[in-house]
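Reviewing the structure listed below.
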Amino acid sequence: MKIKYIAICLILLCCLMGAASAAEDVSADAVDTVDDAVTVDAVSEDTSDSAIIEETQVSYDTTTEGINEEIQTDEISEESEIVDSEPTRATDVNASNWKTLRNYCQNNTTNYNIHLTKVIKCGSNGIVFANNATIIGAPTKYITGNFSKIPFLSTGSLNISFINVTFKDMSAEVLIKLATTGTNNFINCSFNNITTTIYKSSVIWNENGTMYINGCNFTNCENGFGAITNYADLTDGYVQMNVENSRFEDNFARREPGAINNCGDMNITNCTFVHNIATWWAGAVHTHTGAYTRIVGSNFTDNMAGGVNGSGWNGGALFSYSKLEVINSTFTDNKCNVSTGGGAIFGYSMGSSIYNITVDSCNFTGNRNNYSTNITKGKGGAIGVQNLGNLTVINSIFINNSAENGSAIAAICENVSYCNNCTNCSCPNCPNCSNCSHNVSTGDPDCNITNNIYINHTGTENTVTISGNNYDFDYNNLSSNNIQTIIYNGTGNDYPNPSPSPSPRLHHSLGSSILGDWEDHEIIYVDINSENDAEDDDVDGSDWENAYGGDSLPIALENILDGGIIYVAEGTYRSFGAGTSRNHTVIGMSRENTIFEGEFWAYDGGAYSNYASSTFINVTFKNSPLLIINEKNFINCTFIDKSVVLNYMIWRAVNGAPENYNFEHSFVTTFTNCEFRDSNFEGSLLEAYIYTQVNFINCTFSNITANSIVNNSFGFTLQDSINFYDCTFDNVNVKGIVDIPAGTTPVERYRIEGGTGVENFGPITEDGHDFVNTTQSRTETVLVADIDGDGNLLINLTDVSGNAMAEEEVLITVNGDEAVPYALGADGTLSIALTDLTDVTGKLDIAVAFEENDEYKGSSAAVNAVLEINNVTVEVPVEVPVYVPVNQTATSITASDLTATAKVAKTLSVTLKDANGKILANKAIKVTVNGKTSTVTTDKNGVAKVTVNYAKAGTYYYTLSFLGDNDYKASMKAV
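Going by the numbering used here, the sequence shown opens with residue 275, and the numbers climb by one from there.
What follows is the structure in structure tokens.
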């Protein structure tokens, strides 16, 4: 148990820290009410609760000593500090009732790890934390009961952690309000049936500090403003929250949003949002004015704006007034019912906060805006934005979303009242109501809509509608059963027939070419429900009317050209055929209802040395084996009671006549966002023969009984490997996730990282086989790139703990050219003149990458510059251009190594001077350690003070950078 807790805390140190200030339009009255309530509670505190605390000894295997030492504070306390003293450890104690728990939490002399030993019901007095407490629960040792105000409150600079704690059947004004400048953590916690009662309330309210929420569940919670609020105090203006591997289901907001209310800086990674409802807007997540939300690898299903009737409000899943980035995420069956739309995502600008929404590599299926009247048509079935702002949608797939206009995307300029016939309205989403002070901006949206695929959008008007002329619209494929009467200026767009003019074809948004130059059979439609004869000369498969009918997939695969797409209608297909020796993509019109059933042979025409790639999107494979040969990609596919055999026929052919084959590399099969479920096999779910590399990325395995998920047959060669990344296992009964020959080298030949739902064991050896559930996580790395005033590219590579990665190799790419390797020095840094990187002048886009290896995860950085003959204009990563004239004075930074005592604050002095020894006052010094960056400013003596205060002994490495200005050159020091 001790090892598990320490591992959890080490993971916390790997979380990325963003930086953004945010100002929320949440009024202060509710917060004042909360604070007043706490004050009263503190005054009326029962003095008997202040009794002397009697520490309870806890057995060694259940202690968590070291947890607090592993969790750093949010301070960027800089410089190479060598701390050589033994850190003070937290004391492990037990709590079996509210009074004991409260006393330990409020003791201000000792940090406690408090283990819950019984079900604890809230007492009459709330807890105000006074030490860096960690509360540790268990499935049957939970917290329950009702409380009139706030049962858990923290202020100051404390670090509070909850681990494996369940909260259930509770009500309070706010359940947990942590208003500290420290770092707070919720790890593997559950919140079930929680009701918060005041106007602006949440289960968890984060204010002024940094919070990590990892592996948590929020179910059936009712709140005023979401299950979680990340609230930026208007004075301090900063909060940071990272939500990872968590699930939000069946939550309800009396106002908005259904799940997460972000008024600061937030990362949401690998999370699931199911059937959350907001009475107002944002069924799942709201990004408020001045805030920033980044969502990666998450799923949004059946969320709704506008209450249980889904009426009158925008953003079925997401709503943003400001910066929102959504990457590699899935939106399914989210909905709204309002004229301006946004079945999945909506944004508009409020006051000085301008929406800036980026959607990259996402899938939108079945989202809808149900609004329709005789006068007004609903818009934006999947994505909608209104008036002045920025929308970028790239590399994404839209399938069967619905609205009467803009059934996939609507970027409109329209003044619409969000609140009809109201009097003295106080809601903040009424931009044109005469009784409201909030005004939505006017003007056309600024859009970049590029490299997307649209399938089966058949509303009464256009699939994509854009107001005005401020747009880029390129390489969009709208040819597959979509309505699109407006032809936008752009390159490479493929419109439904008839099209006003031929245009260059789309290139696959998922990384391989889908369409080349127009030729017959570059696109083929297949519909098992059609009576068309695929071999009839009059049937060319060019659209649904002329689709290949019947079970004609084998004919389509024979006739498709290299880089072509086959669209497959709903239905059950029982013939698949030998395939093709060319690159092609098969896209099902409905993941649930486009079913390939029976035994399928997915191989490329018997050409065993052919490396052509086949991609399958939105298809369900059911029953009997799927025999795969050559390279395959499966994206958003489902496998039900389906075994998969990889490259058996290649192994058989090579085994019979090896002299006929000389393979260049292993054949790669990759499953991305796929689901494997309801399977029962004596052997393995997937069998990978030699010459196979198989990858699973963000896949789900549920209700499976087998010997293993993947079995390797006949060993490994070339680049053969079995890799699982960020997969979920639910009710999986196996000996091990992978079954490989005993003694197989981990990481090189198999890797299981970021999985949830399985026990962490392995290998277990049995009859010459190793069964393994997980492999050791590789160390995160941090790569920083800057450009100094002399026109040098500065690179610094460390691990996540700030240790320099000596003499490693990085790849540098300039303007998309071939990457060139460079070796770092013994201190993990590199300085190279831009003129040595390239002969090109003008704008330079520089990308730096450290490639992953067996020990370390990869990392990257990018920086832009303008290289001129007589001067250099530098655009630094924070996107603030700095002009550097040729006559700048050189500068230098001095700072010495520092030795400090753990948990005792010291100050590191950083001095900035020019080449003549002149002190430089009021200059910003950027300080980077452990991947986190802060800024300190020099005083009148040219000295900047950096606080050093760590809980754990160790060596910490820092990079100090002065980025230069019009008078002085940049300088950097790594210590």
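Note that the Cβ used here is the ideal one computed from N, Cα and C, for glycine as well.
Entirely enclosed alpha helix (DSSP H) segments - the stretch 662-691, minimum 4 residues: Those alpha helix (DSSP H) runs which fall completely within the stretch 662-691 and span 4+ residues do not exist here.
8 Å CB neighbourhood of Asp1073 in its chain, flanking five on each side removed: Only Thr1053, Glu1054, Thr1055, Val1056, Met1079, Tyr1130 meet the Cβ criterion.
Can you pull the DSSP bridge partners for Tyr1311? What the structure shows of the chain is the stretch from 275 to 1249, and residue 1311 is not part of that stretch, so it cannot be assessed.
Compare the Cα-Cα distances from Asn497 to each of Ala830, Ile468, Thr1211, Tyr512 and report the closest residue. Looking from the CA of Asn497, the closest CA among Ala830, Ile468, Thr1211, Tyr512 belongs to Ile468.
Backbone CA spacing between Asp1128 and Gly1063 [nearest angstrom]: Their Cα atoms are separated by approximately 37 Å.
Exposure label - Asp1013; buried when at least 16 CB within 10 Å: Counting the other Cβ atoms within 10 Å of the Cβ of Asp1013 gives 16 or more, which makes it buried.
Taking contact to mean 3 or more Cβ pairs, one atom from each stretch, closer than 8 Å, check whether the stretch 512-527 and the stretch 585-596 are in contact. They do not touch, by the three-pair rule.
Quick one, are the C-beta atoms of Thr859 and Ile903 less than 9 Å apart? For Thr859 and Ile903, no; Cβs fall outside 9 Å.
For the stretch 1034-1049 against the stretch 1112-1119, are there 3 or more C-beta pairs whose distance is under 8 Å? In short, these stretches do not touch, since the Cβ pair count stays below three.
Verify whether the separation of the beta carbon atoms of Val919 and Phe908 is less than 9 Å. No; because the gap between Cβ atoms is not below 9 Å, this pair is not in contact.
Exposure of Gln967, with buried meaning 16 or more beta-carbon neighbours within 10 Å: So Gln967 counts as buried.
Tell me the DSSP secondary structure of Cys379 in three-state form. Note: Cys379 maps to helix in three-state DSSP.
Would you call Thr639 buried or exposed, if buried means 16 or more other Cβ atoms sit within 10 Å of its Cβ? So Thr639 counts as buried.
Beta-carbon contacts of Asn867 that lie in its chain and below 7 Å, excluding the five residues immediately before and after: Once the five neighbours on either side are set aside, the close Cβ partners of Asn867 are Glu844.
Who are the near neighbours of Ser864 in its chain, counting only those whose CB is closer than 6 Å to its CB and skipping five residues on each side? If we look at Ser864 and ignore the five residues flanking it on each side, its Cβ neighbours are Glu844.
Through-space distance from Asn947 to Glu905, alpha-carbon basis: In this structure, the CA atom of Glu905 is about 18 Å from the CA atom of Asn947.
Does DSSP put Lys474 in a helix, in a strand, or in coil? Lys474 falls in the coil class under three-state DSSP.
Using a Cβ-Cβ cutoff of less than 8 Å, which residues in the same chain neighbour Arg951 once the five nearest sequence positions on both sides are dropped? Counting only Cβ-Cβ distances below 8 Å, and skipping sequence neighbours, we find Thr912, Phe913, Ile914, Thr974, Phe975, Ser976, Asn977, Ile978.
Spatial neighbours of Ile1106 in its chain, beta-carbon cut-off 6 Å, leaving aside the 5 residues before and after: Counting only Cβ-Cβ distances below 6 Å, and skipping sequence neighbours, we find Leu1067.
In the structure shown, what three-state DSSP assignment does Ile914 receive? Three-state DSSP puts Ile914 in a strand.
Span separating the alpha-carbon of Asn675 from that of Val1217: Approximately 59 Å between the Cα atoms of the pair.
Classify Pro413: buried if its beta carbon has 16 or more other beta carbons within 10 angstroms, exposed otherwise. Pro413 is exposed by the Cβ-count criterion.
Here's the rule: buried if 16 or more other CB atoms are within 10 angstroms of the residue's CB, otherwise exposed. What is Gly616? In this structure Gly616 is buried. Its beta-carbon is surrounded by 16 or more other beta-carbon atoms within 10 angstroms.
For Pro531 and Ile409, what's the separation of their Cα atoms in angstroms? Using only the alpha carbons, I get a separation of about 28 Å.
I'd like the span of the alpha helix (DSSP H) that includes Thr1109, first residue to last. Going by DSSP, Thr1109 is part of the alpha helix (DSSP H) stretching over 1108-1111.
In whole angstroms, what separates the C-alpha of Phe955 from that of Tyr847? Distance from the CA of Phe955 to the CA of Tyr847, rounded to the nearest whole angstrom, comes to 23 Å.
Give me the residue from Glu819, Asp811, Val800, Ile1193 with the minimum Cα distance to Tyr841. Closest in alpha carbon position to Tyr841, among Glu819, Asp811, Val800, Ile1193, is Val800.
Would you call Gln380 buried or exposed, if buried means 16 or more other Cβ atoms sit within 10 Å of its Cβ? Gln380 is classed as buried because its beta carbon has at least 16 other beta carbons within 10 Å across all chains shown.
So, using beta-carbon positions, are Asn767 and Ile760 closer together than 9 Å? Going by C-beta atoms, Asn767 is not nearer than 9 Å to Ile760.
Contact belief for Val659 with Phe620 at Cβ below 8 Å, rounded distance in angstroms: Indeed, because the Cβ distance is near 7 Å, the residues count as touching under 8 Å.
Please look up how many angstroms separate the CB atoms of Asp1000 and Gly571, rounded, as I've assumed it's under 8 Å. The Cβ separation is near 7 Å, so the contact holds.
Please tell me whether Thr503 and Ile542 are closer than 9 Å, where the distance is taken between their beta carbons. 9 Å or more divides the Cβ of Thr503 from the Cβ of Ile542.
So is Lys1214 buried or exposed if we call it buried at 16+ other beta carbons inside 10 Å? By the neighbour-count rule (16 or more Cβ atoms within 10 Å), Lys1214 is not buried but exposed.
Extent of the continuous beta strand (DSSP E) to which Glu1083 belongs: 1083-1088 is the span of the beta strand (DSSP E), which, as asked, contains Glu1083.
Please report the distance separating the alpha-carbon of Thr632 from that of Lys373. The straight-line gap from Cα to Cα measures roughly 49 Å.
If we ignore side chains and look at the alpha-carbon of each, how far apart do Ser826 and Ile802 end up? Taking the straight line from one Cα to the other gives about 7 Å.
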